[in-house]
Structure formats: structure tokens, C-alpha cells
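Residue numbers (my numbering), protein chains in the order written: chain A, 42 to 388; chain B, 42 to 388.
Here it is as C-alpha cells:
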């Protein structure tokens, strides 16, 4: 099987191309998004609402236009290769469901149901059962129906012991309760909720950096469960007026938070306000990942952000003890970047 | 890359294991379904309706319990390997969307929106754009929003030029309009709508039977588009009382039609009533597929079935000229098979 990153830790390319050398092409991803935008521009269903930062799509409910269905499809990436190598299949289901729950939570939606897609090279009923049991448990934890799924055995496309896992969530929201990000303003605080490990992003880099013979030693960190932020967010919303939210997935803090800001605002992050988890700090060190790329490739210890007034930030921290103020919003002049990350506190 | 079926046409296993030798393990699939059933039995969301033959799941709409959302996830199987080998990417999107439309049509649902999942070894924006354009066109043909999607680049899991494509559809139905299959009775007619090629099933067998150097010659047949039966079914419903429907996917006529029959009924198919398409007949011959396995592995030329009274069958055929009566319903005694296929007409 072609493994474009297999030789990488031994023959290091220039720093700037580090992540690309692990086999993930960010430029190609941007080009694909451009093409999708052109395709979507050709026709848009009248019931479709403008998305917020493309975390999820929203569709007005036929016959009850004050409500919208909110849906998102995602996968767990090459985390499955580590799960397969370590034969630990129980946690990827929660990774998948929680990722999707967080995506529609950005639009304030409550999950209704979920469907999974499991693709394997050779079907082993015990392994498939373990994976789907994990999906089912995570659905149940959110009072969400596991409404269906597909298991596909595809010899020739997957190696016998490999698998891919993706899923789709559908939730519901009152259209008036979808965050209006235009309310975000200079002086607002960015509240961060802690990540547990890499979640479901950066695994091509991790696999290229950590040799497979070390995976078992790092197993708990590599397979740490992508948490759901549902209950923390609801607890904060009970005490604070949340103006915008972001799920920190591929693209990191640097790309995801700006997706939910008005064009007149930028996000300032102060790295000194939270601690980068040891495993992520070690991965950054071993991969020589430059400062700018760190906050696009990895979550750097923050899994979800909420933007609130500074007065409400104190209430949010009281409601959810693990929450931290990780930065604030400033006015953005034309041409300025939408996110700035200070490695140490400067103010 | 491991290719369990590569040697198969040269060293033929016993007839009964033919499909299994192509790398798809029907027994493992049944075992996995058993495990999923056990998992699902542990908890069921109160809004979840009993499915019909597991083609799709249904979930009562919160706040309007006379309606239900109907959802299904599916993929296009290893048809993607043929599309990738022939570099013909435009049709797999329609295969995927139409497959999903047909699945929820079994519950009489009208599609609302769709989300796709595209996984690649190496992202090529032009190819991804072509695939997603096909998805978009097929959505538009059903007035269905392409609400979102995920494109994942996963080096190490997929070979550089390979891809997998899956998707999820969500539709809506009045709960009273979901077919009540208990109304099916002996004497009813089975109306079949013609398939175009293999649709999205039997590709592991096809790849094992037809050497890759012949794929280009068979390209149009191998990549024939999985049709949507939406308009044909609606046209038949305008003139006939449709009691049950089935989408003929993996498992063929033999497994899919019985999934929508009461336990007291069996389906009798008369092969003489329709013509097996030349390409499928040739595949059966070249693979030495035994009679019983043909109707489980391949669609044998029928893509969708509807059960109506014999009086209504004539109206259905008048409304949709390509429809055919392909069999009828008989009373089933305990222990009898739920489907019988007569290779030639016996009555």
C-alpha cells in the first residue's frame, strides 16, 4: 500500500511543507472548497439557510418555518488506522458522534438522530459490533436515536484490517435561536473549553511523527475520546448570552474561530492563558511544527470556543469550572489577519 | 495492497463459495446485523418508528407527530474502484443520491436534503469537484438540497487514486402514508421497474470476474447510472393503491422483497416475465454463479418492486410503460421460503 509519509521523519522536508509532507494537502483542500462553492452557487434550495462557518447546514422545516433541521456529516480521519493497529475499537464511535454533536451545536441545535457509515476491508462481526456499540452509547448519552447505518465490506479498497468510519447527525433548532454572529464586538471575551488529545484532526501528522512501534505506548493519548461539549455549552447558555461558537476541528483555532466572526472583528489568543497538553506539546516538538502551523494543524488544547461579553465570561467560568478565557475580540482593519496568536501574554 | 480476489478467476473455488471468494462475506454480514440488533435492542428513542425492512429509519417530528423524518445512509461500494480505474468520475454521484432516494421511497418519503462523504487517498480538487458536481446534479433533479458534506484526505487508508463515496438522505412523510405491509395478500401482483446495470451491488463479483484490462470495454455497462425510481413510483401511486415497495439492493430480489412482506405471504417470481440484461447474463455465465445466488448477489434486471392488487397492476403498467408484472404473492405456510424464483414460467 502506498504510504506517502512513511519516510518522512527520517528525511525532513523544509519546515513550511511539514504538514503537507505528511500526506495532507491543505492547498488542494482549499481548491476543492472553491469548486464546491461554485457548484453550490449554481442552485440553492429555497429552504436552505445560510450556514454559519460551514460547521453544519440548516434547512427550514416544511410546514413550520420557525424551526430548522441542522445536519452535519463527518468522519474520524486516520485515527482509525491507530485504532486498527492497536485493536482498540471501542472509542472511535464516541469520537464520531461527539464530533458531529459539536458541529451542529455551533448552530445551537439539539440532536435528534444519527446514522453511521462503516467501511471495512474484511468484515469481522465482533469488531464491527464493538465500533457500532461505541456509536450507540454516544448517541444514547445525547438522547439521540441511532436511526440507521451502513456497513460496507470493500475488498480492494481497504486493507483487510483497515476501516473508515463516518456519520451524519440531524438536529433541530428554533431559527431565532441560531447565533447571530453580527452581535460579536470588540472587547468580547473568547471562552475556551479544553480538548482531550488530538480529537479527530492531525492524525496524519501524528502518524508521520510517531513511529508505529511507539503507538502502543502513546495509546491512551492517541485514542483519547473526542469529547462532546453539549452539556458544558448548555450550562454556559443558562447563565450567559453566547454570541458565537466554534468547534475547533481541522484548521485549528486560527481557521475555525474566524469562521464565526463578522468581517470587522479579529480574534486575539493568548497562549499563556491555557496550558497546551503535554502530548500535543511533545508532538509539536518532535515534528518541528512552526508556530503558525501549530494552530492550524492541531487544536493545541482547546476544543470549543464561545464568544460572550466580558461580564458574561465570569459567569461562564463559574458555571463550567474547566472553561477558561483564552483571548478576546478586537476591531479588525481591512487587510489584517482574522486571528492572532500570542505565544506569551503581551498585555 | 491486499487484493483477496485477484487470483480468483484462475483458481475457482467450489460453486457455493463463489461470491464469498470475491472477498465479500455474506455470513459475516449476517453476524454483524445480529450484533447491531442486540445493540439497538438495549435502547430505542421513543420517537423512533419501526422501520420497514430496514431500508430507512423513521423518526417522529418533534412537535408534529403526524409526520416523520425518514433517513438513510448508503455508499456506492467498490464501483468507485472501476470509476477510478477508468477515470470516469461524473456518474458515481448520481449512483449515490439515487440509491438513497430509492431507499427512503420504500417508506413513501419525499427527500428534503442530502449530505455526502468523500474520502480520498490524495486529494485532487478537479476530481473531487467532478464527483460532487454529480452529487449536486442528482440532488437538484429531486429538488433536494445538498446541505453539506465532508471531504477527507486520508493517506495510508486509501491508495492515492482510490476514493470512497457515501451519503445520507433525509426526507419527510406523513406517518399515515407509510405503507402498511400487512395489507399485502395472496393474489397481489409484484410490479417491477427495470434496473440499469448492476446499480451499486455485485461489484466485488464483477471485479473478480472481469479482468481489469477489460473494464474499459465494459465501461458504459459497469458504470451505468443507478436510476431514481421516484417519478415512476409517484406516477404509479397516482393510479394504483401501492401496498408495499422494495428497493432491490444487496441481497437482490430474493432478500429484499421478503423484507416488506407479512410473515403469511411469499413472493413468486417468474423469470420469463422479464429479460435479464445482456451484461448481467454475461456476468452470471462468466462467474458460474448458481441460480440461487444470482438473485441474492445481483439485481438480475429489476431495480424496484411495488405490490398492488392485480386490478391495479394493469393501471400501473399503463402509467409507466417500462414497468412489468414480474410475479405475484402467494400464501406462505410456516417453514416455506419467503421468495421463490421460477427460472421459466410454470403456470
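Note that CB positions come from ideal geometry on N, CA and C, so glycine has one too.
Short of 7 Å from the beta carbon of residue 118 of chain A, and not among the five residues preceding or following it, lie these beta carbons of its own chain, in chain order: 241, 242, 244. Contact of residue 98 of chain A with chain B by beta-carbon distance below 8 Å involves 154, 156, 186, 188, 189. Interface with chain A (9 Å Cβ-Cβ cutoff): residue 133 of chain B is excluded. The three-state secondary structure of residue 269 of chain B, taken from DSSP, is coil.
Within chain A, no C-beta atom comes nearer than 8 Å to that of residue 149 of chain B; the closest sits roughly 15 Å away.
The residues 382, 384, in chain order, have a CB closer than 8 Å to that of residue 332 of chain B in the same chain once the five nearest residues on each side in sequence are set aside. Not a single C-beta of chain B is nearer than 9 Å to the C-beta of residue 297 of chain A. By the Cβ neighbour-count rule, residue 75 of chain A is exposed, with fewer than 16 other Cβ atoms within 10 Å of its own.
Under the DSSP assignment, residue 215 of chain B falls in the beta strand (DSSP E) whose first and last residues are 204-215. Assignment of residue 185 of chain A by DSSP, reduced to helix, strand and coil, places it in the coil class. Under the DSSP assignment, residue 355 of chain B falls in the alpha helix (DSSP H) whose first and last residues are 351-360.
In this structure, residue 97 of chain B places its C-beta atom within 9 Å of the C-beta atom of residue 145 of chain B. For residue 122 of chain A, the secondary structure class from DSSP, reduced to helix, strand or coil, is helix. Note that the C-beta distance between residue 295 of chain A and residue 349 of chain A is not below 9 Å. Beta bridge pairing from DSSP links residue 284 of chain A with no other residue.
Three or more Cβ pairs drawn from the stretch 112-127 of chain A and the stretch 208-223 of chain A lie within less than 8 Å of each other, which places the two stretches in contact. Residues are counted here when their Cβ sits less than 7 Å from a Cβ of chain B; for the stretch 234-268 of chain A these are 245, 248, given in chain order. Under a 10 Å Cβ-count criterion, residue 212 of chain B is classified as buried, with 16 or more other Cβ atoms of the shown protein chains found around its own Cβ. Here residue 89 of chain B is bridged, per DSSP, to B/100. Note on residue 85 of chain A: under 16 other CB atoms within 10 angstroms of its CB, so exposed under the neighbour-count rule. Counting along the chain, the unbroken beta strand (DSSP E) around residue 113 of chain A starts and ends at 105-116. DSSP places residue 346 of chain A in the strand class (E or B) of the three-state scheme. With its beta carbon less than 9 Å from one in chain A, residue 113 of chain B belongs to the interface.
In this chain, residue 368 of chain A is not harboured by any alpha helix (DSSP H); it is covered by the beta strand (DSSP E) spanning 365-372.
Among the CB atoms of chain B, one or more fall inside 9 Å of the CB of residue 119 of chain A.
For residue 173 of chain B, the secondary structure class from DSSP, reduced to helix, strand or coil, is helix. With distances taken between CA atoms, residue 277 of chain A lies nearest to A/356 out of A/356, A/303, A/183.
Think of a sphere of 9 Å around the beta carbon of residue 116 of chain B: the chain A residues whose beta carbon falls inside it are 158, 160, 191, 193, 195, in chain order. Contact annotation, residue 158 of chain B with residue 194 of chain B: C-beta distance approximately 13 Å; criterion of less than 8 Å not satisfied. Interface annotation, residue 351 of chain A: not in contact with chain B, CB-CB separation never under 9 Å. According to the DSSP assignment, residue 311 of chain B belongs to the beta strand (DSSP E) that extends over 306-311. Assignment of residue 157 of chain B by DSSP, reduced to helix, strand and coil, places it in the strand class. Here residue 177 of chain B is not near residue 268 of chain B, since their CB atoms are 9 Å or more apart. Here the stretch 318-325 of chain A makes contact with the stretch 249-266 of chain A; the two share three or more CB pairs at distances below 8 Å. For residue 383 of chain B, the enclosing beta strand (DSSP E) covers residues 380-383.
Residue 215 of chain A and residue 266 of chain A have their C-alpha atoms spaced approximately 30 Å apart.
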